[in-house]
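Novice: Just so we're on the same page, my numbering is the position in the sequence shown counted from 1, plus 1.
Just so it is clear, CB atoms sit at the ideal spot from N, CA and C, and this is done for glycine as well.
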Amino acid sequence: MPNILENLKKILPDLKENEVLALYTTFKIGGPAKYFFIAKSNDDVIKAIKTAKELGINFFILGGGSNILISDKGFNGLVIKMENQKIKINNNIIFTESGLPLQKLIRKAIENSLSGLEFCIGIPGTVGGAIAGNTGSPKEWIGQKIIKVTVLNPEEEIEEIPKSQCDFSYRYSRFKYDDKSIILSGEFQLEKASPTHIQGLVNEYLEKRKNQPIKYPSAGSIFKNPEGKKAWQLIEEAGLRGKKIGSAEVSEEHANFIINTGKAKADDIVILISYIKQQVRDKLGVQMQEEIKYIGF
Ligand SMILES: Cc1cc2nc3c(=O)[nH]c(=O)nc-3n(C[C@H](O)[C@H](O)[C@H](O)COP(=O)(O)OP(=O)(O)OC[C@H]3O[C@@H](n4cnc5c(N)ncnc54)[C@H](O)[C@@H]3O)c2cc1C
Numbered sequence: 002m003p004n005i006l007e008n009l010k011k012i013l014p015d016l017k018e019n020e021v022l023a024l025y026t027t028f029k030i031g032g033p034a035k036y037f038f039i040a041k042s043n044d045d046v047i048k049a050i051k052t053a054k055e056l057g058i059n060f061f062i063l064g065g066g067s068n069i070l071i072s073d074k075g076f077n078g079l080v081i082k083m084e085n086q087k088i089k090i091n092n093n094i095i096f097t098e099s100g101l102p103l104q105k106l107i108r109k110a111i112e113n114s115l116s117g118l119e120f121c122i123g124i125p126g127t128v129g130g131a132i133a134g135n136t137g138s139p140k141e142w143i144g145q146k147i148i149k150v151t152v153l154n155p156e157e158e159i160e161e162i163p164k165s166q167c168d169f170s171y172r173y174s175r176f177k178y179d180d181k182s183i184i185l186s187g188e189f190q191l192e193k194a195s196p197t198h199i200q201g202l203v204n205e206y207l208e209k210r211k212n213q214p215i216k217y218p219s220a221g222s223i224f225k226n227p228e229g230k231k232a233w234q235l236i237e238e239a240g241l242r243g244k245k246i247g248s249a250e251v252s253e254e255h256a257n258f259i260i261n262t263g264k265a266k267a268d269d270i271v272i273l274i275s276y277i278k279q280q281v282r283d284k285l286g287v288q289m290q291e292e293i294k295y296i297g298f
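Listed below in structure tokens is the structure:
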């Protein structure tokens, strides 16, 4: 539709067409985005969303692409890649825009002797993706440190949402399945601590990550831990460690990771995930639920 493209390009001159999304996901999987725009500021984000809505185009907000599986067909609409990255520190409070890489936030906190987010060390992605998925470990998560989140709401107004209304729980927030509220920024409450104390915690958390298969592309943990159980243990008990479909493989190092050992297709991953779910249900009577989100299926 040349008209749509022309109209989009008038407002978003740097827009790209048919950009391959595998370049922007940690799985290294994903077909083309019909339209692709990198938002460098909150103004860019707002402009892109308003334009997509006015033109009736589907849009998708992409952070670091580290907790999603994008189909081989790609996304038939506008992908807005978040690179709004302002950060400000005021005493123990850090304000950051949502496109900042999570690891830059952690580094800034450490440089300023601010403690509280060390458990996020080594987790890829952006601050916005981390808030949406309430990233962390089963007991510690990023929502615990939030004061408030600023979003562009479905009425296209900027709204401040206090922590109490974000509904944070294990790997969940009100933003996780609500594609209409776009996180623009977050404010974090941290505590002053000595560099030695902070470094001690960082080392502890890095040690815990050593069982993750970081040599291969993946999307982190595929499944949430079911109540009182560990997803990786269930997958192992079902005898699925090392199970392969095409180039998709259940990691030998951490069974809740599926790794892309070559040129895995999104469909290989989907088939492997559904096989795992079926086997765990049949053999152990547990229904597993994905932590990752599917895009473009
Ligand atoms: C090697 C590896 C290790 C990992 N370890 C962990 C771990 O220890 N703990 C953990 O919790 N996760 C872990 N993950 C998963 C992942 O890194 C996190 O969930 C991360 O916070 C996702 O952020 P992202 O920016 O990549 O989100 P994306 O994958 O880009 O997006 C995820 C979802 O969030 C939405 N989203 C992104 N930005 C916004 C925004 N600004 N506003 C609204 N919605 C938004 C997207 O639309 C999408 O629905 C790991 C992943 C890998 C590859």
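Between which two residues does the alpha helix (DSSP H) harbouring Ile-132 extend?
Specialist: Start and end: 128 to 134.
Novice: Between which residues of its own chain and Glu-192 is the CB-CB distance below 8 angstroms, once the five residues before and five after are set aside?
Specialist: So the qualifying residues of the chain are Asn-93, Leu-115, Ser-116, Gly-117.
Novice: Within this structure, are the beta carbons of Glu-112 and Leu-202 separated by less than 8 angstroms?
Specialist: Not a contact, by the Cβ cut-off of 8 angstroms.
Novice: Using CA coordinates, which residue listed in Ala-232, His-255, Asn-261 is at the minimum distance from Gly-286?
Specialist: Of the listed residues, the one whose Cα sits closest to Gly-286 is Ala-232.
Novice: I'd like to know if the region 70 to 81 and the region 31 to 38 are in contact, where contact means that at least 3 CB-CB pairs between them fall below 8 angstroms.
Specialist: Output reads yes: the region 31 to 38 touches the region 70 to 81.
Novice: For Ile-293, tell me which candidate among Glu-156, Tyr-173, Leu-185, Thr-97 has the shortest Cα-Cα distance.
Specialist: Ile-293 has its Cα closest to that of Tyr-173, out of Glu-156, Tyr-173, Leu-185, Thr-97.
Novice: Let me check understanding here. Comparing Cα to Cα, which of Lys-51, Ile-215, Ser-67, Gln-86 lies closest to Phe-60?
Specialist: Nearest option by C-alpha distance: Lys-51.
Novice: Please name the residue in Asn-43, Lys-54, Val-46, Thr-27 whose C-alpha comes closest to that of Glu-5.
Specialist: Reading off the sequence, residue 5 comes out as Ile, not Glu. Measuring from the Cα of Ile-5, the nearest candidate turns out to be Lys-54.
Novice: If you measure from the CB of Gln-213, is any heavy atom of ligand 1 nearer than 7 angstroms?
Specialist: Yes, the Cβ of Gln-213 comes within 7 angstroms of a heavy atom of ligand 1.
Novice: If you draw a straight line from the alpha carbon of Ala-267 to that of Asn-91, how long is it in whole angstroms?
Specialist: About 43 angstroms.
Novice: So, with DSSP's three-state summary, where would you put Ser-186?
Specialist: Reduced to three states, the DSSP call for Ser-186 is strand.
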